[in-house]
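Engineer:
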Amino acid sequence: MQHLGRILPPLGLMLADALLPPRCLATRDIVDRQGQLSAKAWSAINFITKPLCQCCGMPFAFGFEEDAELSCGACLANPPDYDRARAVLRYDDASRAMILAFKHGDRLEGAPAFAAWMARAGADLMGDIDLIVPVPLHRKRLFRRRYNQSAVLALLLARNNGTPALVDALVRTRHTPPMGGLNRAARQRNLQGAIAVRPGRAAMLAGRKILLIDDVLTTGATAQACARALRRARVSRVDVLSLARVVQAG
Ligand SMILES: [Zn+2]
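Residue numbering for the sequence shown follows our numbering, beginning at 32 and increasing consecutively.
1. Would you give the residue range spanned by the beta strand (DSSP E) that D246 belongs to?
2. Quick check: what's the CA-CA separation for A234 versus V266?
3. Could you check whether N77 and A282 sit closer than 8 Å to each other, using their CB atoms as the reference points?
4. Taking all protein chains shown into account, do 16 or more other C-beta atoms lie within 10 angstroms of the C-beta of I160, making it buried, or fewer, making it exposed?
5. Based on the DSSP output, what are the partners of F78 in its beta bridges?
6. Which same chain residues end up closer than 8 Å to R262 when comparing Cβ atoms and leaving out the 5 residues on each side of it in sequence?
7. Closer than 6 Å is what we want: which residues have a beta carbon that near any heavy atom of ligand 1? List them in chain order.
8. What whole-angstrom Cβ distance do P167 and R203 have, given they're in contact under 8 Å?
9. I'd like to confirm the pairing. Which residues does DSSP put opposite I163 in its beta bridges?
10. Cα separation between R220 and A92?
11. Our contact map puts A237 next to A264 with C-beta atoms below 8 Å; I'd like the distance itself, whole angstroms only.
12. What residues match up with A275 in a beta bridge as DSSP calls it?
13. Can you grab the Cα-Cα spacing for the pair V62 / A200, in whole Å?
14. Just the C-alpha distance for R276 and G231, rounded to the nearest angstrom, thanks.
15. Roughly how far, in whole angstroms, is the beta-carbon of I244 from the beta-carbon of A185, given that I think they are within contact range, below 8 Å?
16. I need the straight-line Cα distance from T253 to A227, nearest angstrom please.
17. Taking a contact to mean a Cβ-Cβ separation below 8 Å, would you say R121 touches I79 in this structure?
18. Using only the alpha-carbon positions, how far apart do F174 and A72 sit?
19. Looking only at its chain, what residues have a beta carbon closer than 8 Å to the beta carbon of H34, apart from the 5 residues adjacent to it on each side?
20. In this structure, what does DSSP give as the bridge partners for P90?
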């Protein structure tokens, strides 16, 4: 696939990872094996557990059966463009540094562990999908970061699940400014028409059940823009699996 070389991490980065002493993905303490968390980090990280909104995967505070099939108020009022979303952990003070290092810092040694966690958190989704598709990066951002972290996760999940990945199914048609600090409405405006199915890929998507891979779900605006683009290519379903998500307190 002609785009793979620009999406995958350079071999040198992966070799460098293999030569360094194994360090905790979050605290940087020395650990036994590459891709592990120290006991301290493991107890600090907030993994998302049931009960969840069956649609967006947002955890309910309390008061529901673990397997209650309920949607949250936000999904009932305004159903998202994707079918279901799930995430491994909360994006918070305990996980932020680990995720930013993976996104921006050439720190890929956690990727296999992240993919394994995602397969577990997304077990309900993984059993019935045809194709795994990552959220795309704009080529300018890809050039700067050198790899698309969501594509790295998509390829690992694809290999472990025996499901094909199409890492270049979606494309950013224009460069959007960083969205940190923007609210949901501003993010939606920012993304208007910015994500599309890559020309020539629509036929491979039509009628398929897609698992979209994202690193962090913040407001969900990016995942929704991807889901809308995929629906225009007449996919039969779009589920979203992310490593982390923002969960508002309360
Ligand atoms: Zn919901």
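Using N, Cα and C, we set each Cβ at its ideal position, and we do this for glycine too.
Structural biologist: The relevant details are as follows:
1. Counted from its first residue, the sequence shown places residue 246 at position 215. Its beta strand (DSSP E) spans residues 240–248.
2. Sequence index remark: in the sequence shown, residue 234 carries index 203 (1-based). Sequence index remark: in the sequence shown, residue 266 carries index 235 (1-based). Between A234 and V266, the C-alpha separation is close to 10 Å.
3. This structure cannot speak to residue 282, because the chain is shown only from 32 to 281.
4. Taking the first residue of the sequence shown as 1, we reach residue 160 at position 129. Label assigned to I160: buried.
5. The sequence position of residue 78 within the sequence shown is 47, counting from 1. According to DSSP, which records beta bridges pairwise, F78 is partnered with L120.
6. For the purposes of this step, residue 262 is taken as residue 231 along the sequence shown, with counting starting at 1. Counting only Cβ-Cβ distances below 8 Å, and skipping sequence neighbours, we find D112, V269.
7. C84, C86, C87, M89, S102, C103, A105, C106
8. Against the sequence shown, residue 167 aligns to sequence position 136. Against the sequence shown, residue 203 aligns to sequence position 172. With a Cβ gap of about 5 Å, P167 and R203 count as contacting.
9. The residue labelled residue 163 in the question sits at position 132 within the sequence shown. Answer by DSSP bridge pairing, in chain order: A196, L242.
10. Stepping through the sequence shown from its first residue, residue 220 is reached at position 189. Stepping through the sequence shown from its first residue, residue 92 is reached at position 61. The straight-line gap from Cα to Cα measures roughly 30 Å.
11. As a first step, residue 237 is located in the sequence shown; it is residue number 206 there, counting from the start. As a first step, residue 264 is located in the sequence shown; it is residue number 233 there, counting from the start. Right, the Cβ-Cβ distance comes to about 6 Å (below 8 Å), so this counts as a contact.
12. To locate residue 275, count along the sequence shown from 1; it is residue 244. According to DSSP, A275 bridges with L120, V247.
13. Here residue 62 refers to the residue found at position 31 of the sequence shown. Here residue 200 refers to the residue found at position 169 of the sequence shown. Straight-line Cα distance between these residues: approximately 37 Å.
14. Working through the sequence shown from its first residue, we reach residue 276 at position 245. Working through the sequence shown from its first residue, we reach residue 231 at position 200. So the alpha carbons of these two residues sit roughly 32 Å apart.
15. For the purposes of this step, residue 244 is taken as the residue at position 213 of the sequence shown. For the purposes of this step, residue 185 is taken as the residue at position 154 of the sequence shown. Correct: roughly 4 Å between the Cβ atoms.
16. The sequence position of residue 253 within the sequence shown is 222, counting from 1. The sequence position of residue 227 within the sequence shown is 196, counting from 1. Taking the straight line joining both Cα atoms gives about 12 Å.
17. On the sequence shown, residue 121 is found 90 positions in, with the first residue counted as 1. On the sequence shown, residue 79 is found 48 positions in, with the first residue counted as 1. Yes; because the gap between Cβ atoms is below 8 Å, this pair is in contact.
18. In the sequence shown, residue 174 corresponds to position 143, counting from 1. In the sequence shown, residue 72 corresponds to position 41, counting from 1. Using only the alpha carbons, I get a separation of about 32 Å.
19. Here residue 34 refers to the residue found at position 3 of the sequence shown. Note that H34 has pLDDT 49, beneath the 50 cutoff, so the model's placement of it is unreliable and the number below is only indicative. Counting only Cβ-Cβ distances below 8 Å, and skipping sequence neighbours, we find V198, D199.
20. Counting from 1 along the sequence shown, the entry for residue 90 is found at position 59. According to DSSP, which records beta bridges pairwise, P90 is partnered with L83.
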